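A.B. asks: Residue numbers (full-length UniProt numbering): 1 to 1006. Where is the CB? At the ideal position from N, CA and C, for every residue including glycine. The model shown is predicted, which means the values in this text are computed figures rather than measured ones. One structure follows; several queries about it will come next.
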């Protein structure tokens, strides 16, 4: 935030040189109409042109015939007000075309419009919210100097909108930094030199930031102060109208406002603000400060169902935003299950997967049928006084007065300064005394739970793009989440809500963007969002047994109106989390935050559904923000940034396929002789590489476009073509199907298959094909699909009435495609199954080694050894390193496969249970090793690190250099994970202390 004194005039004054002739034409028109008495016309027109104080731009844009109609409307409205003895005169005029628009209405200074036409909301939606500079409009709006009638304090507010005519509509990178290149021609003609320089400065900053740039100009010689806000087009919505509500709430009104668009994708809003209360200079400064600080909250969450409480001044913008965040928190974490659920879960055998899954279904049903979003919202809106108390408790912990601002710092409610902080017990007493039933008690206590578990937040940062909260996971009930995560991030943005869950201090996992086809799908996705995130992170944790990073996962659920904004949501998600993890003197620090966690945090993100192409941006953005760990911040980057693309090198598929080959090797079956069903098509990472790497006879494939089936085996050459080009099966040449083969796309209707089966709807057929008899094959490899596609409700469809399973072998590529109960049912029926936490860990191994290389090498070394060179070639080191990563993945997969196969023969337990037992054993042993003093044994430490670190890195860097550069906690995690996984793979889960002594003696004696 910037404060500048004594600004010069920002725009040249609009002067209409032909105003007198224009006025004469209007008088002539009114005389010809005869609606106003001839003796009154001159005075009415004189008043309208001169006394009312309309800006000359109005007369410049409107034809005399339009102005005559407006004057007649004013005259009629005033007569109606006199005859009905109303205190209010209401005027609403509008004119719109494709290139311009004018809107005029009566406006009382300092009052938000509650009823009647909401012009500013409409202007936002139709003209200002576009993310495309080609569809950009600039806006000027002025308040008349005079009022609409004697004894009325309402002015006229006029909005003038014109489509932009840019000097350079498509600037290159260098030109986009030059305001003279990217401006609208009318803007350049009207703006003053000083103001042009200010806009240039704002634009330059906005181009470097993800969030808004806010500047405050103080003019000591005027009652009018100016706030300017620059931000990226399309990065927020309804912002212009929200700003009006904001400054009205703070006792201000605007004389004039401008919205300028630039062809480089930047928008600048200029507000000239005046006190509506005649306040002292000190209070005016406080109000301006609040507008500037709270503008970032509006930018983050410009719309919410709670907005009406702000418009009616029941709550401040901070309180409304806080209530909105807690509303979302309550939707996900409100303990709606009660003691009965806990008792039931304790009565049932917790070791029974069937019971666990049934309980999970009960939990979802209870959540669905008890507290809906609407129920929680209605309770919030009925308790504004309680919201204020809870917000104050939150703010008293996390708000820090700005030390950078030259303005008087204050919080939204000045009464906060006089507020005596309440203890948790006192807050709970307030809640109990304010609610009328147990439902309201549970909801408001969930707000209190939120307050007690926020460790740090960017809520009070001045230039945030989304709201982020680092949560203590202690609020999660053990009955529902038996394994407590290490940490949770909760993120709320204008386009999304999201979480990041991790099970270890050093953890890594992908960021999944979740889309919803319709409102019903969104409701379902919203209801299961955190549970899906938690389960994915836990699965990842068990999958990461071989590597130093624990399991983590992030989810970003796009709102129904933002399905086309995955990258916008991703940007905000990443930037808002960086607000909480960047520390020290980094230039990326915005303002100091309250940190109740008190430890350094490094997060590693990776690609997942919907985010694969965004990893380069995230790493570069971390570098711009000054994060010292930026090279390792994301994995799955492009080769230009030293990334090892999983799809290009088939990293995940290399692991999955080792389990297929392991089964066939143990049973002495040639791969060419088996049939295979695959979900996830040739357009995906896993799906395409599964096609390219395998030699089986694939009979069915399901992808986003539909279903492809051929009982004789789908043409391998044509499948390979699709896989190499990463395109879906809707591009398959159907002439290469046998007479019994078929392709059914999701948009197809009323299709008859070769065997006479009638298909009414292609989408439904695709969605249920995995349980259809057509999918039967020797091997099933799910490479894509939603979690829990096969569960307790439909697994019986995969087993015939005489108990024979549809698939002999199942190797899971996609995460959580089967529930645990479904896996056990399939294994009991005779299927040999390997679950995701074992089979698809190749990607995490690759990502871990990508992180390690980024941490080991300096920026110069990293660029020279691991990044695409200026001539487009890849360094020899990169090629060798990628090959070594593939070999490491294959080795780890083989070791775990052999361990599971051996343990299965020894114990008779299902493979899916053994996967969990092995994972828990390794993770547990890793944690135990971290608590011992083995790491302090220097010789042992060096031996284990020399064995576990990639030989290629050790060829380039000596161990001492690596230990200086890589965080000690990370190296210690490598040390412990290497020992733990090696021991369990060799001796199994039922090993003894003597086995561990034998294992460690090899290191000590050598």
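1. By how many angstroms is the C-alpha of residue 203 removed from the C-alpha of residue 746?
2. DSSP on residue 560, reduced to helix/strand/coil?
3. Using the Cβ count rule (16 or more neighbours within 10 Å means buried), how would you classify residue 813?
4. If you check the beta carbons only, do residue 399 and residue 491 fall under 8 Å apart?
5. Start and end of the beta strand (DSSP E) containing residue 742?
6. Helix, strand or coil for residue 262 per DSSP?
7. Would you be able to state if there are at least three C-beta pairs under 8 Å between the region 483-502 and the region 561-578?
8. Can you list, in chain order, the residues of its chain with a C-beta nearer than 7 Å to that of residue 889? Leave out the 5 residues immediately preceding and following it.
9. How is the beta strand (DSSP E) around residue 93 delimited, first residue to last?
10. In terms of alpha-carbon separation, which member of 125, 511 and 458 lies closest to residue 611?
11. Would you mind sorting residue 853 into buried or exposed? The rule is 16 or more other CB atoms within 10 Å of its CB.
12. Which partner residues does residue 739 have in the DSSP bridge list?
13. Here's a check: name, in chain order, each residue in its chain whose Cβ is nearer than 7 Å to the Cβ of residue 521, leaving out the five neighbours to either side.
14. Under 8 Å between the Cβ atoms of residue 389 and residue 330?
15. Which runs of the alpha helix (DSSP H) spanning at least 4 residues fall entirely within the region 609-653, listed in chain order?
16. Could you check the C-alpha separation between residue 605 and residue 181 for me, to the nearest Å?
17. Taking all protein chains shown into account, do 16 or more other C-beta atoms lie within 10 angstroms of the C-beta of residue 6, making it buried, or fewer, making it exposed?
18. Closer than 6 Å by C-beta to residue 622: which residues in its own chain qualify, once you throw out the five before and the five after it? Chain order, please.
19. In its own chain, which residues sit with a C-beta less than 8 Å from the C-beta of residue 295, not counting the 5 before and 5 after it?
20. State the beta-bridge partners of residue 270 as determined by DSSP.
21. With the cut-off set at 8 Å, would you say residue 443 and residue 379 are in Cβ contact?
22. Around the Cβ of residue 194, are there at least 16 other Cβ atoms within 10 angstroms (buried) or fewer (exposed)?
23. Grouping DSSP H, G and I as helix and E and B as strand, with all else coil, what is residue 870?
24. Would a C-beta distance cut-off of 8 Å place residue 953 and residue 856 closer than the cut-off?
25. Rounded to whole angstroms, what's the CA-CA distance from residue 578 to residue 594? Just pull it up for me.
26. So who's on the other strand from residue 845, going by DSSP bridges?
27. With a threshold of 8 Å on Cβ separation, who are the neighbours of residue 711 within its own chain once the five nearest residues in sequence on each side are excluded?
28. Does residue 37 come out as helix, strand or coil in the three-state DSSP assignment?
29. Please specify which runs of the beta strand (DSSP E), each continuous and at least 3 residues long, are wholly inside the region 738-816, giving them in chain order.
30. Can you look up residue 138 in the DSSP assignment and give me helix, strand or coil?
31. If you measure between the beta carbons of residue 470 and residue 487, is that distance less than 8 Å?
32. In or out: residue 514 buried (at least 16 other Cβ within 10 Å) or exposed?
33. So residue 233 is in the beta strand (DSSP E); what residue range does that whole segment cover?
34. The alpha helix (DSSP H) spanning residue 687 covers which residue range?
35. Does residue 728 have its Cβ less than 8 Å from a Cβ in chain C?
36. How many Å lie between residue 429 and residue 829 at the Cα?
C.D. replies: On the basis of the coordinates in this document:
1. In this structure, the straight-line span from the alpha carbon of residue 746 to that of residue 203 is close to 45 Å.
2. helix
3. Classification of residue 813: buried, given that the 10 Å Cβ count is 16 or more.
4. no
5. 742-745
6. Looking at residue 262 - three-state DSSP - the assignment turns out to be coil, as it is neither helix nor strand.
7. yes
8. Its chain contains 651, 654, 655, 842, 845 and 846 as the residues whose beta carbon lies nearer than 7 Å to that of residue 889, once the 5 sequence neighbours on both sides are disregarded; these appear in chain order.
9. 92-96
10. 511
11. Around the C-beta of residue 853, 16 or more other C-beta atoms lie within 10 Å, and the residue is accordingly described as buried.
12. Note: residue 739 sits in no beta bridge, so no partner.
13. none
14. no
15. 615-624, 630-633 and 646-649
16. Distance between the alpha carbons of residue 605 and residue 181: 37 Å.
17. Note that residue 6 scores a pLDDT of 39, beneath 50, so its modelled location is shaky; the value from the coordinates is reported in the next line. It is exposed - the Cβ of residue 6 has fewer than 16 other Cβ atoms within 10 Å.
18. 630 and 633
19. Correct list, in chain order: 212, 214, 227, 229, 243 and 246.
20. 228 and 258
21. yes
22. exposed
23. Three-state result, residue 870: coil.
24. Yes, they are a contact pair.
25. For residue 578 and residue 594, the distance between alpha carbons rounds to 15 Å.
26. Answer is none; residue 845 lacks a bridge partner.
27. These residues qualify, in order along the chain: 699, 738, 740 and 741.
28. In the structure shown, residue 37 sits in coil (DSSP, three-state: anything other than H, G, I, E or B).
29. Runs found: 742-745, 749-752, 758-761, 777-782 and 807-811.
30. strand
31. yes
32. Flag for residue 514 reads buried.
33. That residue, residue 233, is in no beta strand (DSSP E); it is neither H nor E in DSSP.
34. 685-693
35. Checking the listed chains, one finds no chain C in this structure; it contains a single protein chain.
36. 56 Å
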